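J.: Start counting the sequence shown at 1191; every next residue gets the next number (our numbering).
My questions will all concern the structure given below.
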Amino acid sequence: MPTAVISDMHGNAEALRAVLADIDSRKIDRIVCLGDIIGYGPEPLECVDLVAERCAWSLMGNHDFGVLYEPTNFNMAAAAAAYWTREQFDRVEDISLREKRYRFLGSLRVRVVEKADGSGPPVLAVHGSPRRPINEYIFPNDVIGATDKIDQIMAAIDHIAVVGHTHVPGVFTSEPDFYPPEEIGADKTYVFREGEKAVINVGSVGQPRDHDPRASYAILHPDRVQFVRVQYDVEKTAAKIRAIPELTDWLAERLIEGR
Ligand code: ZN
C-alpha cells in the first residue's frame, strides 16, 4: 500500500479536511505528516486533532516547535500567530484534553527513517532538511545559487528523503536540479532510479507558495512518488483568518494568491 505524505497544514482545517477526503477516495489508509500542523491558520486545535487521529506519525516543524516551546527566528506576524495559537491550546477548559494535545505536540519526532510500505529502500523523513531537520530550508533556487549546500544535503542521505517547510512541491536531484511536479510528466509522477539520491518536497496542505492555491500532498510508493493538488474553499479559511485580529490579513491574502 502507498503512503500519503502531508505537510504544513498550518491550522488550515478546510484544506486538511479536503486532502483527507481525497486520500480516502483513493482508498489509501496510511498517512504520515512532516510537521507544521499549526501556526498561521485559524483552526490549530482541529488540525492537531485530525493529524493525531488520522496519521501513523507526525514530525515536528518549526511552527509546532514555536508554539510548544518558543518562536525561533520568526518575523513579527509569524510570532504573533504563534502566541495566538498557543493561547487557543491554553484556553481549553478540559484539562485532560489540553494535556493530551500538548503531549501529542511534545511527542513529535524530528526525523523518521522507514520503508515506504514495508518493501523497497528506506526513506528519510524530515520537516526542513536532513542536516537541520526543523529549520533549514531547501529552496528551488539553491540548485543554482547554493550548489555546495545541495551537495552536502545529498551526502547526508542514502536514497530518498521527503521534506516540507518551503511549501513548494517538487523533486531535488543530485545534478543538482529541481523539477516542479508539472515538469516531471502528465501524471506528476517521479519514478526513482536505482541508487539515485533525491529530495522530495511534498508541498503544503494549508499554505501553498508556488502560486497555486490548491492544497498539495504526495503519494509515496517504494519506486515512485506522485504529486497531488486538491481544491478546497480558500475563501472560507481566508474569512476565518480576517475575523481574528491577532492573525494579520496578509495570511488570508497569501492563501488566495498561493504565495
Ligand atoms: Zn511551514
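Note that the Cβ used here is the ideal one computed from N, Cα and C, for glycine as well.
This structure is a prediction, so every number in the text was calculated from the model and none was measured.
Assuming contact is defined by CB atoms lying nearer than 7 Å, are VAL1395 and MET1199 in contact in what I supplied?
T.: Indexing the sequence shown from 1 puts residue 1395 at position 205. Indexing the sequence shown from 1 puts residue 1199 at position 9. Yes, the Cβ-Cβ distance between VAL1395 and MET1199 is below 7 Å.
J.: PRO1371 by DSSP, collapsed to three states: which one?
T.: As a position in the sequence shown, residue 1371 is number 181, starting the count at 1. Helix.
J.: Is ASP1254 near the ligand ZN - that is, is its Cβ less than 6 Å away from at least one heavy atom of it?
T.: Walking along the sequence shown from the start, residue 1254 turns up at place 64. No, the beta carbon of ASP1254 sits no closer than 6 Å to any heavy atom of the ligand ZN.
J.: In angstroms with no decimal places, state the Cα-to-Cα distance between HIS1349 and ILE1434.
T.: As a first step, residue 1349 must be located in the sequence shown, where it is residue number 159. As a first step, residue 1434 must be located in the sequence shown, where it is residue number 244. Cα to Cα, HIS1349 sits roughly 43 Å from ILE1434.
J.: Please output, in chain order, the residues near the ligand ZN using a CB cut-off of less than 5 Å to any non-hydrogen atom of the ligand.
T.: This selection yields ASP1198 and ASP1226.
J.: Excluding five sequence neighbours on each side, which residues of the same chain lie with their C-beta closer than 7 Å to the C-beta of PRO1371?
T.: Reading the sequence shown from its first residue, position 181 is the one you call residue 1371. Correct list, in chain order: PRO1359, GLY1360, LYS1378 and PHE1417.
J.: Using a 10 Å radius around the Cβ and a threshold of 16 neighbouring Cβ atoms, would you call ILE1421 buried or exposed?
T.: Counting from 1 along the sequence shown, the entry for residue 1421 is found at position 231. Per the sequence shown, residue 1421 should be read as Gln rather than Ile. GLN1421 should be labelled exposed.
J.: Mind checking whether ASN1391 and VAL1353 have CB atoms under 7 Å apart?
T.: Working through the sequence shown from its first residue, we reach residue 1391 at position 201. Working through the sequence shown from its first residue, we reach residue 1353 at position 163. Closer than 7 Å, so yes.
J.: Which of the three DSSP states is assigned to LEU1224 in this structure?
T.: Here residue 1224 refers to the residue found at position 34 of the sequence shown. Coil.
J.: Under three-state DSSP, which class holds ILE1196?
T.: What you label residue 1196 is simply residue 6 of the sequence shown in a count that begins at 1. Residue state, collapsed to three classes: strand.
J.: Of all Cβ atoms in chain B, is any one closer than 7 Å to the Cβ of GLY1256?
T.: No chain B appears in this structure, which consists of one protein chain only.
J.: Looking only at its chain, what residues have a beta carbon closer than 8 Å to the beta carbon of GLY1218, apart from the 5 residues adjacent to it on each side?
T.: As a first step, residue 1218 is located in the sequence shown; it is residue number 28 there, counting from the start. Per the sequence shown, residue 1218 should be read as Ile rather than Gly. Closer than 8 Å at Cβ, skipping near neighbours: MET1191, PRO1192, THR1193, ALA1194 and ILE1409.
J.: In chain order, which continuous runs of the alpha helix (DSSP H) of length 4 or greater are located wholly inside the region 1248 to 1318?
T.: For the region 1248 to 1318, whole alpha helix (DSSP H) runs of length 4 or above, ordered along the chain, are 1252 to 1258, 1266 to 1280 and 1285 to 1296.
J.: Rounded C-beta distance between PHE1362 and ILE1340? I'm assuming under 8 Å.
T.: Position 172 of the sequence shown, counting from 1, holds the residue named residue 1362. Position 150 of the sequence shown, counting from 1, holds the residue named residue 1340. With a Cβ gap of about 7 Å, PHE1362 and ILE1340 count as contacting.
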